[in-house]
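Trainee: Residues in the sequence shown are numbered from 1 upward in steps of one, following full-length UniProt numbering.
By construction, the Cβ of each residue, glycine as well, lies at the ideal position given by its N, Cα and C atoms.
Questions regarding the structure given below will be posed in turn.
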Amino acid sequence: MSTRAIDTTTGTGGETHQQVGVKSDHSDGEAHLTTNQGIRVSDNQNQLKAGARGPVLLEDFVLREKIFHFDHERIPERIVHARGSAAHGYFELYESLSDISKADIFQRAGEKTPLFTRFSTVAGGSGSVDTPRDVRGFAVKFYTKEGNWDLVGNNIPVFFIQDAIKFPDLIHSVKMEADRGYPQAASAHDTFWDFISLMPESTHMIMWAMSDRTLPRTLRTMEGFGIHTFLLVNAEGKTTFVKFHWKPKQGLASTIWDETVKIAGADPDFQRRDLFEAIERGDFPEWELGIQAFDQEFADSLPFDVLDSTKIIPEEMLPVRMIGRMVLDRNPDNFFAETEQVAYCPANIVPGIDFSNDPLLQGRLFSYLDTQLKRLGSTNFHQIPINAPKCPVMNFQRDGHMQMQVPKGRANYEPNSLSEAGEDGGPRECPMTGFSTSPGRAEEDEQGDKLRIRPESFADHYSQARMFFRSLDDAEQAHLASALVFELSKVALEHIRKRVLSNIVNVDADLAARVANGLAMEVPEASATAAPIQDMDPSPALRIISGPRERATIEGGKFGVLVADGSDADEVNALLSAIEDAGGSALVIAPKIGGVTLSDGSPLKADGQLAGSPSVLFDAVAVLVSDEGCQTLMTESAAVQFVMDAFGHLKAIAHSDAAKPLLEKAGVKPDEGVVAPADFADAATKRYWAREPKVRMLA
Ligand code: HDD
Numbered sequence: 001m002s003t004r005a006i007d008t009t010t011g012t013g014g015e016t017h018q019q020v021g022v023k024s025d026h027s028d029g030e031a032h033l034t035t036n037q038g039i040r041v042s043d044n045q046n047q048l049k050a051g052a053r054g055p056v057l058l059e060d061f062v063l064r065e066k067i068f069h070f071d072h073e074r075i076p077e078r079i080v081h082a083r084g085s086a087a088h089g090y091f092e093l094y095e096s097l098s099d100i101s102k103a104d105i106f107q108r109a110g111e112k113t114p115l116f117t118r119f120s121t122v123a124g125g126s127g128s129v130d131t132p133r134d135v136r137g138f139a140v141k142f143y144t145k146e147g148n149w150d151l152v153g154n155n156i157p158v159f160f161i162q163d164a165i166k167f168p169d170l171i172h173s174v175k176m177e178a179d180r181g182y183p184q185a186a187s188a189h190d191t192f193w194d195f196i197s198l199m200p201e202s203t204h205m206i207m208w209a210m211s212d213r214t215l216p217r218t219l220r221t222m223e224g225f226g227i228h229t230f231l232l233v234n235a236e237g238k239t240t241f242v243k244f245h246w247k248p249k250q251g252l253a254s255t256i257w258d259e260t261v262k263i264a265g266a267d268p269d270f271q272r273r274d275l276f277e278a279i280e281r282g283d284f285p286e287w288e289l290g291i292q293a294f295d296q297e298f299a300d301s302l303p304f305d306v307l308d309s310t311k312i313i314p315e316e317m318l319p320v321r322m323i324g325r326m327v328l329d330r331n332p333d334n335f336f337a338e339t340e341q342v343a344y345c346p347a348n349i350v351p352g353i354d355f356s357n358d359p360l361l362q363g364r365l366f367s368y369l370d371t372q373l374k375r376l377g378s379t380n381f382h383q384i385p386i387n388a389p390k391c392p393v394m395n396f397q398r399d400g401h402m403q404m405q406v407p408k409g410r411a412n413y414e415p416n417s418l419s420e421a422g423e424d425g426g427p428r429e430c431p432m433t434g435f436s437t438s439p440g441r442a443e444e445d446e447q448g449d450k451l452r453i454r455p456e457s458f459a460d461h462y463s464q465a466r467m468f469f470r471s472l473d474d475a476e477q478a479h480l481a482s483a484l485v486f487e488l489s490k491v492a493l494e495h496i497r498k499r500v501l502s503n504i505v506n507v508d509a510d511l512a513a514r515v516a517n518g519l520a521m522e523v524p525e526a527s528a529t530a531a532p533i534q535d536m537d538p539s540p541a542l543r544i545i546s547g548p549r550e551r552a553t554i555e556g557g558k559f560g561v562l563v564a565d566g567s568d569a570d571e572v573n574a575l576l577s578a579i580e581d582a583g584g585s586a587l588v589i590a591p592k593i594g595g596v597t598l599s600d601g602s603p604l605k606a607d608g609q610l611a612g613s614p615s616v617l618f619d620a621v622a623v624l625v626s627d628e629g630c631q632t633l634m635t636e637s638a639a640v641q642f643v644m645d646a647f648g649h650l651k652a653i654a655h656s657d658a659a660k661p662l663l664e665k666a667g668v669k670p671d672e673g674v675v676a677p678a679d680f681a682d683a684a685t686k687r688y689w690a691r692e693p694k695v696r697m698l699a
């Protein structure tokens, strides 16, 4: 056998180097591939061997360095919220809030503050799908002139537990079960519902979690909440309680459960892709930042405790005042460096904002800093560019793993008097402008003996759960009841199902009856309550469907137009233009990715191949085919399914006359959402909820 060496780089070497290389700034202006020590690499295809077929030599530092680095590429994923997507943007203040907060970010109307926002699911690992039934994280890092302020919230305004000490139990119960390692990214299993059934304080959050809120259509169409009550502090030291809200300019929209499940298979990256592509095409998502600001007197007038994170203040009781907007206008350059390494921490606040005594918030203040050390490996994680404040950082904290800074001077302690000797003594405290904890916190709550105790004012676990359920539209109530039936049907242990039902009886007897019926179980006795249940007024602002913020536009949406050879050219082109003119994205779906030939002989390229582009990926669809095209598609199950799902998911469907046989085969019964192509732009702004009882049995 010949032992002659083969040069595998011949002909392609230069290009390969440019694609994979670390750019090195050598004087000839070329981008040369180098090692991490800056040594140019001559061959990136072959190890150094003793002879062409011999063993590898240990001296091959190019190989060793490359493999060593690769072996260590992964870092521990987040213990929760591991799956996330993020973007850069800015916050723009509408009007000065100087009367209630001295925070620099809230002083000057029109001023923009850079930020980085990461959305996430909670339970699944970093490689899990984007669309489980799950709460979504909504974390914003504001790079203010006074340091970083992190508002680390969710898309639901309440939480499962009142005290942070229960967080590890909650998360253990929802994650994969301890012995079997499944299910991934799902709450529909015994251990989660076991824990929940034993924690009646979770009931309000469970109502939200089983509602359409945990099935957001996209990350762009969901709200965000700071959840806890925080404090704003003005220049005179006066404190005001505050709750933070993010309201999407895109409107609120969710998916239908069956659709969500199918999206998970069709595109596990559905929401990540949606966010990235929207920003890429210049369709920048926006949220308004709103506050509910109130004083102690208002807090005292409420029938619940504002320090209890399982409670909201309904907007009808205290309107949300919009104070600015967040625009996400730039995708990360590198997923790992930015989205993965970003380290949020609710303890990152700035002068003018302070914590309340909420025991959930207080426990969080420790956890996040601690977890970053595990995840990012060094106390210097704040020096990673995505975490670094955009204002000066000066202190005497020194050294540690991966120290990137080179502090100058002799003094690394404070106080020191080296400046008196003409040397640089370093930074000093700033009593006037530095962060000082608001003493108001002590007055808010009685201080007394050291106690492990839950205050009486936290005891009502059902009134707001009831209020939430009763505020929903009929269709949403049915979705919620069906979600409970679905989840509890996955619970094998009957005593757990029964205990959940006992808690639900306290929320609403009708809901309990519907769920029990869906499980073919008896409605049990209501569980004991720690406080009387109050009938609060419904809050229509909590609805998605027919609520004040329901999405009603095709702007920013994605619409699938199914075509085949022979589709009418005028009809297709008119519809594509109408969608684009209204601000939507029209995607041509065809049996073959190369496209089709239209009736006038013109070619039309496809954006997606039919089998890989099911209608679940679109907000509404059109089927524009000729008689012949229709006959062809009727023998293709993906085409029939395309229409059947669009109809079942209550979407608008526009169709050519010739498409009727395909629609009939897919079981479409004409209604106001089934329209002629000319009416599509209007029809596609919404879903057709009235259709739902005709296509689905709901609890
Ligand atoms: Fe948490 C991450 C939101 C309670 C402990 N949390 C994390 C993230 C969000 C939230 C959005 C992901 C941030 C990112 O994108 O990197 N967490 C919440 C909300 C809570 C909450 C809204 C209640 C109102 N969390 C909570 C408690 C504890 C934690 C009570 C612990 C006592 N959370 C963590 C953590 C994480 C985290 C383990 C995992 C990764 C990280 O912090 O950076 O420390």
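1) What alpha helix (DSSP H) runs, 4 residues minimum, are completely inside the region 464-550?
2) Compare the beta carbon distance of T131 and T260 with 7 Å and say whether it is the shorter of the two.
3) With distance defined between alpha-carbon atoms, name the residue in G153, F276 and H245 nearest to G290.
4) Check each candidate in E315, M199 and T239 and name the one with the smallest Cα separation from Q296.
5) At what residues does the alpha helix (DSSP H) containing R325 begin and finish?
6) Do you know offhand how far L698's Cα is from F469's?
7) Buried or exposed: which applies to S356, given that a residue is buried once 16 or more other Cβ atoms fall within 10 Å of its Cβ?
8) Count the other CB atoms, across all protein chains shown, that sit within 10 Å of the CB of P346; report buried if there are 16 or more and exposed otherwise.
9) Our contact map puts F680 next to A622 with C-beta atoms below 8 Å; I'd like the distance itself, whole angstroms only.
10) Who are T121's beta bridge partners in DSSP?
11) Could you give the distance in angstroms between the alpha-carbon of V242 and the alpha-carbon of M205?
12) With a cut-off of 8 Å on the beta carbons, I'd call I384 and R466 a contact; round off their distance for me.
13) Mind reading off the beta-carbon distance from P677 to L624? Whole number of angstroms is fine, and I expect it under 8 Å.
14) Measuring alpha carbon to alpha carbon, tell me which of Q37, L519, L542 and G352 ends up nearest P319.
15) Starting from H88, follow the beta strand (DSSP E) in both directions and report where the run begins and ends.
16) Taking all protein chains shown into account, do 16 or more other C-beta atoms lie within 10 angstroms of the C-beta of M394, making it buried, or fewer, making it exposed?
17) Determine the contact status of M210 and L587, defining contact as a CB-CB distance below 7 Å.
18) Opposite R40 in the DSSP bridges: which residues?
19) Just checking Y344 against the ligand HDD - is the residue's beta carbon closer than 6 Å to any of the ligand's heavy atoms?
20) Going residue by residue through the UniProt region "Disordered" (410-449), where are the continuous beta strand (DSSP E) segments of at least 3 residues, counting only ones entirely within it?
21) When you compare only the Cα positions, how much space is there between D104 and M326?
22) From which residue to which residue does the beta strand (DSSP E) around H655 run?
23) Helix or strand or just coil, what does DSSP make of A620?
24) Is G21 helix, strand or coil when you go by DSSP?
25) Report the rounded CA-to-CA distance for A574 versus G377, giving the unit in angstroms.
26) Measure the Cβ-Cβ separation of S309 and H382 and say whether it is below 7 Å.
27) Since S539 and E316 should fall inside the 8 Å C-beta cutoff, what is the C-beta to C-beta distance between them, to a whole number of angstroms?
28) Can you give me the C-alpha to C-alpha distance between A531 and L511, rounded to a whole angstrom?
29) Let's see if you can read the secondary structure: which residues bound the alpha helix (DSSP H) around F230?
30) Measure the alpha-carbon distance for S482 versus N380 and round it to whole angstroms.
31) At a threshold of 6 Å, does F167 count as lining the ligand HDD (C-beta to nearest heavy atom)?
32) DSSP state of Y688, grouped into three classes?
33) How would you write the range of the alpha helix (DSSP H) that V158 sits in, first residue to last?
Mentor: Taking the structure as given:
1) 474-489, 494-507 and 509-519
2) yes
3) H245
4) T239
5) Run containing R325: none in the alpha helix (DSSP H); it sits in the beta strand (DSSP E), R321 to R330.
6) 16 Å
7) buried
8) buried
9) 6 Å
10) R136
11) 20 Å
12) Not a contact, Cβ separation roughly 46 Å.
13) 6 Å
14) L542
15) G84 to L93
16) exposed
17) no
18) T34
19) yes
20) none
21) 17 Å
22) I653 to H655
23) strand
24) Legend: pLDDT at G21 = 45, less than 50; position of this residue unreliable, value from coordinates given subsequently. Coil at G21, not helix or strand.
25) 56 Å
26) no
27) 5 Å
28) 21 Å
29) Careful: F230 lies outside any alpha helix (DSSP H), inside the beta strand (DSSP E) at F230 to V233.
30) 48 Å
31) yes
32) coil
33) First-last for V158: undefined, no H or E at that position.
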